[in-house]
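The next block holds one structure in the form of structure tokens; read it before the comments.
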Amino acid sequence: MAEERETAAIAGRLAELRRRIAAAAGGAGRRADEITLLAVSKTVPPARIAAALGAGLRVFGENRVQEAARKFPPLRAAFPDLRLHLIGALQTNKAREAVRLFDVIESLDRPRLADALAAAAEREGRLPRLHVEVNLGDEPQKSGIPRAEADAFIEACRRRFGEALVGVMGIPPLGADPRPHFEWLAACARRHGLPVISMGMSEDFEQAIAAGATEIRLGRILFGERPAAAPLPSGAGTD
Ligand SMILES: *Cc1c(COP(=O)(O)O)cnc(C)c1O
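Note that my numbering has the sequence shown beginning at 228, numbered continuously upward.
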């Protein structure tokens, strides 16, 4: 019963979010069905993820390999059309497990990680789709390739991974006007012919849609506030 109540609560929030997404898309002369809603389920227990699946959500994002490995295999077995994205910093020593577990890895942000993913894909016989993550504010504590290196890194990844490289991902600096950052990232994706632009979170998804986002990543606005001890959106990419 608790799960039914939870499903109804998430379905209610989802209906309101779909209205806001449609309005933001319409305001930008875009169609709402161009925009994928990725449900960010980090720190969310499996029962609530199951409730979100009951409400119709199918695309989920986690920021830690270990947590995703604990929570998702049984849910995937029950919902074969579930899609799982890695949106957090990835250490090279976890590349192989990430390649096994995720459909999309959005946090490809440095040459050493590209090497590790290529080796892991070779070993596993499986290559997830990839996004290059850009450190939009060039903030030292955040992951992502610096803006100035993004074009060369994207070209190198395209040569190496071909069509598996589908998009970009970025998070504007906290407290800044996100719009110029979103516009920069969208222009970067277009210059490289990459179809997927992953940007916009609970606080700024409407501005992201106005700037061209094709995927928005929503956590708190769907599932409620995370526990205070939850990790920050983007940790340092340590190896
Ligand atoms: C946590 C997280 C989100 C979701 O943030 P909310 O503010 O809860 O919507 C989106 N993207 C990344 C990379 C995150 O780590």
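In this text, a Cβ means the ideal position worked out from N, Cα and C, and glycines have one as well.
Using the Cβ count rule (16 or more neighbours within 10 Å means buried), how would you classify ARG297? exposed
What residue does the beta strand (DSSP E) around PHE287 start on, and which one ends it? 286-289
Can at least three beta-carbon pairs, one atom from the stretch 340-352 and one from the stretch 300-308, be found at a separation below 8 Å? no
Tell me whether GLU333 sits in a helix, a strand or coil according to DSSP, three-state version. strand
Would the beta-carbon of GLY364 fall within 8 Å of that of ALA322? no
In terms of alpha-carbon separation, which member of ILE332, ARG275 and GLY281 lies closest to ARG291? ILE332
Is LEU401 buried or exposed, if buried means 16 or more other CB atoms sit within 10 Å of its CB? exposed
beta-carbon SER429 near ligand 1 non-hydrogen atom, thresh 7 Å: yes
Using the beta-carbon count (16 or more within 10 Å), is GLN293 buried or exposed? exposed
Does at least one heavy atom of ligand 1 sit under 7 Å from the Cβ of ILE372? no
4-residue-minimum alpha helix (DSSP H) runs that sit fully inside the stretch 389-438, ordered along the chain: 405-418 and 432-438
With a threshold of 8 Å on Cβ separation, who are the neighbours of ALA252 within its own chain once the five nearest residues in sequence on each side are excluded? ARG258, ALA259, GLU261, ILE262 and ILE436
Would you tell me roughly how many angstroms separate the C-alpha atoms of GLU289 and LEU244, rounded to the nearest one? 20 Å
To the nearest angstrom, report how far apart PRO396 and HIS358 are at their CA atoms. Looking at the sequence itself, residue 396 is Met, so the reference to Pro does not match. Straight-line Cα distance between these residues: approximately 6 Å.
Just to confirm, does ILE448 get its C-beta within under 7 Å of one of the non-hydrogen atoms of ligand 1? yes
Suppose you measure from the CA of ALA242 to the CA of ARG353; what does that come to, to the nearest Å? 35 Å
Which same chain residues, not among the five before or five after GLU351, have their C-beta less than 8 Å away from its C-beta? ARG323, VAL326 and ARG327
So what does DSSP say about GLU452, is it helix, strand or coil? coil
Same chain, Cβ closer than 7 Å to ALA277, five either side skipped, listed in chain order: GLU230 and LEU302
For ALA266, which residues does DSSP report across the bridge? PHE287 and LEU445
For the pair the stretch 364-376 and the stretch 437-452, tell me if three or more CB-CB distances fall below 8 Å. no
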